[in-house]
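The sequence shown begins at 1 in full-length UniProt numbering and counts up one residue at a time.
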Amino acid sequence: MCLRNLTSSCKLHSSLFLELIFIMTAPDNTYWESLAQKALAGQATEQELNLLLEGLSGQNGADLQQVLDKLLGITEGEDEHQINQLLSAYKQTPKKYSSIVDKVLESDKISEPPKVLKVSAKNGRSIYWYRAAVILLVCALGVLITLSIQKGRQSVIHKMAKNPSVDYNIVPGKDKAILTLANGKKILLDSAANGVLADQNGVDIHKVQNGQLIYTANESTAPDATGSGIIAYNTMTTPRGGKYQLVLPDGTKVWLNADSRIKYPTRFTGANRIISMVGEAYFEVAKDAKHPFIVETSRGMNVRVLGTHFNICDYPDQPVVRTTLLEGSVRVIYHSDSLMIVPGQQATMAIDGSLATKSNIDLDRVVAWKNGLFYFDQMDIVSIMQALSRWYDIDVHYAGKQPTDLFSAIMNRDNDIHEILSMLEATEKVHFKITGRTIEVLSGK
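Written as C-alpha cells, this is what we have:
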C-alpha cells in the first residue's frame with residue numbers, strides 16, 4: 001500500500017522504498033483542507049477528527065472527499081482490499097483495534113488504542129471514504145505507514161518510537177544567523193533585539209520577529225541621485241542548525257537555509273543587482289526590467305533574472321550546483337556557456353563546469369526545506385545524513401559498509417533527531433548509534 005500526501009504521484013521502485021506519511025505542506029485556506037491538514041499532521045483534536053470523519057458521510061461528504069482526493073495519492077487495486085478490511089473492522093470497539101491491525105496488516109501490536117472511534121463504516125461509502133478514514137485514523141494515532149519493497153510488496157505499520165527520557169542534547173535548527181556589517185562588526189541576529197540594528201549607506205537594517213531582516217532606504221540620509229559614493233556590503237551567514245529570512249533593499253525576498261552565506265550591497269546601484277552566495281537559498285526577486293538580478297555562486301555559475309522565484313543549492317559537499325525555477329524565467333551562465341530554463345525545470349552544473357537541464361522537477365521536494373520539511377525522494381543514506389547534519393549540527397561517521405539502499409521520506413524539520421532516526425531504522429536497512437553530537441551509521445544488513 002503506497003501513500004503519498006504531497007502533490008507528486010505515488011511511485012513504486014525496485015529498490016528499497018520508505019514512505020513516511022508524517023506531515024504535509026500547507027494547502028489552500030479552505031475549511032475542509034485546514035481540518036484535513038491538521039489531521040494528517042497528527043495535530044487534530046478529538047472533536048476535529050470526529051468532524052472530519054462525520055463530514056465524509058454527511059451532506060458535505062462529496063466536497064470533503066474531493067479535498068482529500070486532491071491531497072492524497074493512493075495506488076488502487078489489490079491494496080484497496082486491505083483498506084476495506086480495515087475500515088469494515090473500524091466499527092468495532094477500540095479494544096479490538098490493535099488485533100485488527102495485526103491481522104490485516106501483519107504488524108507489531110499497537111499498545112495504545114485510538115482516541116477517536118465514534119464513526120462506524122457503513123455500506124455504500126466510496127473507496128475514497130475508506131482511503132481517507134484510514135489515513136486520518138493512522139495519523140491521529142501518531143503511527144507511521146512504512147513501505148518497503150523486499151521480495152515483493154509488504155505493508156506494515158510501525159509505532160513511532162519516542163523516548164522523552166533520553167536527551168541527546170541535539171535539537172532541530174531555528175532562526176539563527178550572523179550579520180556582518182561593512183565595517184566588520186558582527187551581530188548575532190538570534191539574540192539581537194527587534195528594531196533598527198544599524199544604518200548602512202543610508203539604509204536602515206530592521207530586525208523583525210519570525211527570523212527576518214529587512215533593509216529599507218532612509219531618504220533623509222540617502223546618497224545623492226547619481227549613486228556616487230562607496231558601496232557598502234553586508235554578509236548574512238547561517239551556521240549549521242540555523243536559517244533566516246532577508247528582504248534586500250530592492251524588495252527581493254531571500255530564504256537562507258542552514259550552513260549558508262549571502263553577500264549583498266546595502267543599496268543597489270548601477271545597471272545590475274548583483275549578490276553572491278554559497279549554500280542554499282530561495283529567492284523571490286522583485287521585478288525590475290531595467291536592472292537584472294544576478295546571483296553569483298561559489299563555483300562560478302551565475303544566475304541572471306529580472307523577476308522570478310527560484311531555488312539555488314550550492315553546498316560544497318554536493319557534486320553539482322542546482323538552480324530550480326518555480327516562476328518566471330532564468331538564464332544560467334558559466335563562462336561562455338549559458339542556458340535558459342522555464343518553470344518546473346532545473347539547471348545543473350557539474351564539477352567540470354558542464355551545464356545541463358532537467359525537466360519535470362518535483363518542486364515540492366526542492367523547496368520542502370523552506371516549508372519546514374525534509375523531503376527525500378529515492379536518496380542514499382549519505383545524502384540524507386548530509387542534510388540532517390546541517391540542520392541538527394551533528395557529526396556523522398560511517399561504520400563498516402555503507403548502506404546502498406535508497407530511501408524516500410517526508411518528515412517535519414522540527415522533529416527530534418531520535419524520531420527522525422527511528423523512522424529510518426524502521427526499514428531495518430540502517431541503524432544508528434549516538435554519542436554526544438556524533439551519529440554513527442551502521443548497515444542493517
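Just so you know, even glycine gets a beta-carbon here, dropped at the ideal spot from N, CA and C.
This one's a predicted model, so the numbers in the text were calculated from it and none came from an experiment.
Closest residue to residue i among the options (Cα-Cα distance)
| i | options | result |
| --- | --- | --- |
| M349 | T323, I205, R413 | T323 |
| W251 | Y315, K287, A232, A271 | Here residue 251 turns out to be Gly, not Trp, going by the sequence shown. Checking every option, the nearest Cα to that of G251 belongs to K287. |
| I434 | T237, I417, A271 | I417 |
| L213 | I230, I231, M236 | M236 |
| I384 | G400, N311, I410 | I410 |
| H291 | M301, E284, V305 | V305 |
| N201 | A217, A192, N210 | A217 |
| S359 | I341, A368, G173 | I341 |
| T438 | D393, S422, H431 | D393 |
| W369 | I170, F293, S34, Y244 | Y244 |
Buried versus exposed call for residue i [16 or more other C-beta atoms within 10 Å across all chains shown]
| i | result |
| --- | --- |
| K429 | buried |
| Q346 | buried |
| P249 | buried |
| A356 | exposed |
| S338 | exposed |
| A177 | buried |
| L188 | exposed |
| L196 | As written in the sequence, residue 196 is Val, which differs from the Leu given in the question. V196 comes out exposed. |
| D395 | exposed |
| D314 | buried |
| A258 | buried |
Residue i at chain C interface by Cβ criterion, 8 Å
| i | result |
| --- | --- |
| T266 | The structure shown contains no chain C; it is built from a single protein chain. |
DSSP state of residue i mapped onto helix, strand, coil
| i | result |
| --- | --- |
| I351 | coil |
| I417 | helix |
| Q345 | coil |
| residue 489 | No statement about residue 489 is possible, as the shown extent of the chain runs from 1 to 445 and does not include it. |
| V208 | strand |
| S359 | coil |
| M1 | Note that M1 has pLDDT 34, beneath the 50 cutoff, so the model's placement of it is unreliable and the number below is only indicative. Correct three-state label for M1: coil. |
| D395 | strand |
| S34 | helix |
| Q85 | Because the pLDDT at Q85 is just 42, under 50, the model does not fix this residue reliably, and the value given afterwards should be weighed accordingly. DSSP places Q85 in helix when its eight states are reduced to three. |
| E428 | coil |
| L388 | helix |
| V366 | helix |
| S443 | strand |
| residue 450 | In the structure as shown, the chain begins at 1 and stops at 445. Residue 450 is therefore absent and cannot be evaluated. |
| S408 | strand |
At least 3 beta-carbon pairs within less than 8 Å: the segment 364 to 383 vs the segment 402 to 419 = yes
ask   = Mind pulling the beta strand (DSSP E) runs of 3 or more residues that sit fully within the UniProt domain "FecR protein" (235 to 331)?
value = 242 to 247, 253 to 256, 260 to 265, 273 to 284, 293 to 297, 302 to 305, 309 to 314, 321 to 327
request  = Report yes or no: do the segment 195 to 212 and the segment 257 to 275 share at least 3 C-beta pairs separated by less than 8 Å?
outcome  = yes
Uninterrupted beta strand (DSSP E) stretches inside the segment 180 to 204 (no shorter than 3 residues) = 186 to 188, 195 to 200
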